[in-house]
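Numbering (the numbering used here), first residue to last: 32 to 425.
Cβ coordinates follow ideal geometry from the N, Cα and C atoms, glycine included.
None of these values were measured; they are calculated from a predicted model.
Spelled out as structure tokens, the structure:
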């Protein structure tokens, strides 16, 4: 009797992947992993402007923790992974706003509190940009000054929260008039990291400049000093220089209105007399808190009700607000808000100019600087600021 040999194929054996298939699988895994890490934990962020100097410098690269305040679910789910606003190197939008979802946030390690350095989506949106969804607006970084419900006021540059003065950050800087007839140059100021940046994408940032006055006796302009933007540490060094005749803060006077200040001339109201150095008081909106509607509250809270609360058919005038065609006498806020300021107090566009940051615009907490490149270094080997690498953000 003959037995027929039957060869069974091994159904579990796999054919070897081609090089292209292996490369594609590896790339897909890397993209998915990087997307999850970026979404769930940390995201890299570069400092483009000097609004936080000297705490954060132009050219600093940060890691931003999304775990501290909780992970924010995306409002715009249809977007190319690892992009923001546009596809790399093109002007092609990297998203579709066909679907817009409610925003939720998982529990975090802490709440946003006064003193935190926070990255958020710039609430009004930049004038030259498209009208992006909230989670795709340009990222900004500032220091939180007022949390929800806090009363914020600035008096002669000093910040008060709930009537308590808040000390300025250790590396914060502001302008002083340095009275001297000595001829100072760029090399002198560079020793103290005081550098003018004429190539910033947001326009030139002047940190030192000569001041002249007309001399009646000679009928010419003569040097009387310099306006200098500096930190308290540098200020202390300047005060030790015997050839400096005096140093005075360039603080704006109270009750002298400054153009563009938030809540000052909003909706055609008469000037409040606020400026960047004398501002408020105002109370930061808090979820569930109700405010009455009047001319004063419209100037401060009208933009919030109109822009960030997802209300339909809102009309704001200097004397009234209508929502859904109905006039309102009071309003209850649907989410929390924050008041943000830059540490570079005279060179920062912040809540003093555009108002509050909604909770659903918060990205995360700036944790540390992992790389720092000086964009205006005088020599190639000075490009990397070695003393700033892996610096914890205070």
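Asked: Express the C-alpha separation of residue 241 and residue 210 in angstroms, rounding to a whole number.; Found: 10 angstroms
Asked: Which class does residue 215 belong to by DSSP, given the choice of helix, strand or coil?; Found: coil
Asked: Pairing CB atoms from the region 110 to 119 with CB atoms from the region 81 to 99, are three or more of them under 8 angstroms?; Found: no
Asked: So within the region 330 to 384, which uninterrupted beta strand (DSSP E) runs reach at least 3 residues, ignoring any that extend past its ends?; Found: 345 to 347, 352 to 354, 361 to 363 and 368 to 372
Asked: With burial defined as no fewer than 16 other Cβ atoms inside 10 Å of the residue's Cβ, what is the status of residue 174: buried or exposed?; Found: buried
Asked: Short of 6 angstroms in beta carbon distance, which residues of its chain neighbour residue 85, apart from the five on each side in sequence? Order them along the chain.; Found: 202, 204 and 262
Asked: Nearest by alpha-carbon distance to residue 366: which of 282, 384, 340 and 373 is it?; Found: 340
Asked: Within its chain, find whatever has a CB closer than 8 angstroms to the CB of residue 358; leave out the 5 residues flanking it on each side and keep chain order.; Found: 351 and 352
Asked: Ordered along the chain, which non-local residues of its own chain (more than five positions away) have a Cβ less than 6 angstroms from that of residue 178?; Found: 144 and 145
Asked: Pick helix, strand or coil for residue 83, following the three-state DSSP scheme.; Found: helix
Asked: Quick one: Cα of residue 123 to Cα of residue 395, how far?; Found: 27 angstroms
Asked: Going by alpha carbons, who is nearest to residue 154 out of 382, 77, 317 and 421?; Found: 382
Asked: In its own chain, which residues sit with a C-beta less than 6 angstroms from the C-beta of residue 135, not counting the 5 before and 5 after it?; Found: 104
Asked: Give every residue of the same chain whose Cβ lies closer than 6 angstroms to the Cβ of residue 220, excluding the five residues on either side of it in the sequence, and list them in chain order.; Found: 239
Asked: Residue 184 bridges to which residues according to DSSP?; Found: 191
Asked: Whose C-alpha, out of 192, 216 and 360, is nearest the C-alpha of residue 258?; Found: 216
Asked: Taking the alpha carbon of residue 254 as the point to measure from, which residue in 313, 285, 275 and 106 has its own alpha carbon closest?; Found: 275
Asked: Roughly how many angstroms separate the alpha carbons of residue 206 and residue 213, rounded to a whole number?; Found: 19 angstroms
Asked: Tell me the rounded alpha-carbon separation between residue 392 and residue 91.; Found: 22 angstroms
Asked: By alpha-carbon positions, which one of 190, 307 and 182 ends up nearest to residue 380?; Found: 307
Asked: Report the partner residues of residue 422 according to the DSSP bridge assignment.; Found: 400
Asked: Between which two residues does the alpha helix (DSSP H) containing residue 313 stretch?; Found: Premise fails: residue 313 lies in the beta strand (DSSP E), 310 to 314, not in any alpha helix (DSSP H).
Asked: Among all the DSSP beta bridges, which residues are the ones paired with residue 132?; Found: Answer by DSSP bridge pairing: none, since residue 132 is not bridged.
Asked: Any idea if residue 149 is buried or exposed, counting beta-carbon neighbours within 10 angstroms, 16 or more meaning buried?; Found: buried
Asked: Taking C-alpha atoms, which residue in 292, 260, 147 and 79 lies nearest to residue 223?; Found: 260
Asked: State the CB to CB distance for the pair residue 192 and residue 311, rounded to an integer number of angstroms; the pair is presumed to be in contact (CB under 8 angstroms).; Found: With a Cβ gap of about 10 angstroms, residue 192 and residue 311 do not count as contacting.
Asked: Going straight from the alpha carbon of residue 411 to that of residue 269, what length do you get?; Found: 29 angstroms
Asked: Roughly how many whole angstroms lie between the Cα atoms of residue 244 and residue 326?; Found: 43 angstroms
Asked: Identify whether residue 328 lies in helix, strand or coil by the three-state DSSP scheme.; Found: helix
Asked: Which stretch, first to last residue, makes up the beta strand (DSSP E) that contains residue 151?; Found: 148 to 152
Asked: Out of curiosity, what's the CA-to-CA distance linking residue 374 and residue 200?; Found: 7 angstroms
Asked: Going by other Cβ atoms of all chains shown within 10 Å of its Cβ, with 16 needed for buried, is residue 287 buried or exposed?; Found: exposed
Asked: I'd like to confirm the pairing. Which residues does DSSP put opposite residue 228 in its beta bridges?; Found: 236
Asked: Does DSSP put residue 270 in a helix, in a strand, or in coil?; Found: helix
Asked: Between residue 317 and residue 180, what straight-line distance do the alpha-carbon atoms span, to the nearest angstrom?; Found: 5 angstroms
Asked: Let me know the secondary structure DSSP gives residue 113 once reduced to three states.; Found: coil
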